Structure formats: C-alpha cells, structure tokens
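Q: Be aware that the sequence shown starts at 369, since it is given in this note's numbering, and climbs by one per residue. Take a look at this one; I'll ask things after.
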Amino acid sequence: MRNLFLILSISFLLISCNSTPDLSQIDQLNGYWEISKVKEKNGNEKKFSFNENVDYFYLENLKGFRQKMQPQFDGSYKTNGAKEKVSVKEENDSIFIYYETSQDQWKEYLIRLTEEELVVKNESGITYTYKNFKGYITDGEK
Numbered sequence: 369m370r371n372l373f374l375i376l377s378i379s380f381l382l383i384s385c386n387s388t389p390d391l392s393q394i395d396q397l398n399g400y401w402e403i404s405k406v407k408e409k410n411g412n413e414k415k416f417s418f419n420e421n422v423d424y425f426y427l428e429n430l431k432g433f434r435q436k437m438q439p440q441f442d443g444s445y446k447t448n449g450a451k452e453k454v455s456v457k458e459e460n461d462s463i464f465i466y467y468e469t470s471q472d473q474w475k476e477y478l479i480r481l482t483e484e485e486l487v488v489k490n491e492s493g494i495t496y497t498y499k500n501f502k503g504y505i506t507d508g509e510k
C-alpha cells in the first residue's frame, strides 16, 4: 500500500510539472526571446549558443505582434520594422499562437511557457525552444 501511494505521488508530481500552459500565464510571453534549440520531426536537434536576432513579443488582451530584433552590445535594438500580427487562442484544452503577415498565416502549439523558457511546435512538427533574452551583457557576462 505504501508503494502504491509513493508511485501515485510521484506520478502526480511529474504530471503537474509537465502540465500545459493556460491563458493566465500568457503575459509571460511579452518580451525578448532567443532560440536555444530546434528539434526536427525526425528527432534531429540543433542547439544555438549565440543569436544575432531575437523575437520580441508584445501582447495585450491576447492580441499583439512579434518582431525580429537585432540586439546591440550597448543594450539597444535594431529592427527592419516588419511586424507579424499575433493572437493567442485556446482550442480543445490547448493554447495556440496564431501569426499573420500580408503574405502568410500559420499557428504554433504552445507546449511550455515560463518566465525563462518558451517551447512551441509548428504545423510541420518542428519544436522551437526559446530562452528569455536579457541582453548580451548581464553582470559582466552573456
């Protein structure tokens, strides 16, 4: 009986830690994100240690934009000005991020969202893991 309780407790803990995000967390998406890893559908993985571009998200009431930014070493950012419209929707107990430009529309499934990590999967089955970007120099280190 004690073993069963232990197994159930551990299972509950693992499920709780891996639960999908909900809309109450979506404000954590606001800010700068850099890709740290890309995992292809076939399992191949590529890790990134440095990015010239980061994604800036701004959402208010589940709508906003994503913009590609180029961080500078002085703490400023450059951009080409192009913005993708973004909206967030809950469908079938899952959260999706919808993107729209004048030329295309697509969506990504939101797998994980914390203050430090963003994980999404696109319609082609490619998983993108982002980490919160705090600038090139923080406390003397990248």
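Heads up, the beta-carbon is just placed ideally off N, CA and C, and yes, glycines get one too. From a predicted model like this one, the values you see are computed outputs, not experimental measurements.
#1: Express the C-alpha separation of F416 and D442 in angstroms, rounding to a whole number.
#2: Output the distance between the C-alpha atoms of D460 and G503, rounded to the nearest integer angstrom.
#3: Does the beta carbon of L478 come closer than 8 angstroms to any beta carbon on chain D?
#4: DSSP puts I463 in a beta bridge; with which residues?
#5: Where do the N-terminal and C-terminal ends of the beta strand (DSSP E) with D423 fall, by residue?
#6: Would you identify the three-state DSSP class for S404, choosing helix, strand or coil?
#7: Which first and last residues belong to the beta strand (DSSP E) in which Q438 is found?
#8: Can you tell me the Cα-Cα spacing of N410 and L481, whole angstroms?
A: Let me lay it out:
#1: Here residue 442 refers to the residue found at position 74 when the sequence shown is read from its first residue. Here residue 416 refers to the residue found at position 48 when the sequence shown is read from its first residue. In a straight line, the C-alpha of D442 is about 22 angstroms away from that of F416.
#2: Taking the sequence shown and counting its residues from 1, the one referred to as residue 460 is at position 92. Taking the sequence shown and counting its residues from 1, the one referred to as residue 503 is at position 135. Checking the displayed sequence, the identity of residue 460 turns out to be Asn instead of Asp. Between N460 and G503, the C-alpha separation is close to 36 angstroms.
#3: The structure shown contains no chain D, having only a single protein chain.
#4: Locating residue 463 in the sequence shown gives position 95, counting from the first residue. Answer is E458.
#5: Mapped onto the sequence shown, residue 423 falls at position 55. From DSSP, the beta strand (DSSP E) with D423 extends over 422 to 428.
#6: As a working note, residue 404 is residue 36 in the sequence shown. S404 falls in the strand class under three-state DSSP.
#7: Locating residue 438 in the sequence shown gives position 70, where the first residue counts as 1. Q438 -> beta strand (DSSP E) spans 431 to 439.
#8: Counted from its first residue, the sequence shown places residue 410 at position 42. Counted from its first residue, the sequence shown places residue 481 at position 113. When rounded, the distance between both Cα atoms is 24 angstroms.
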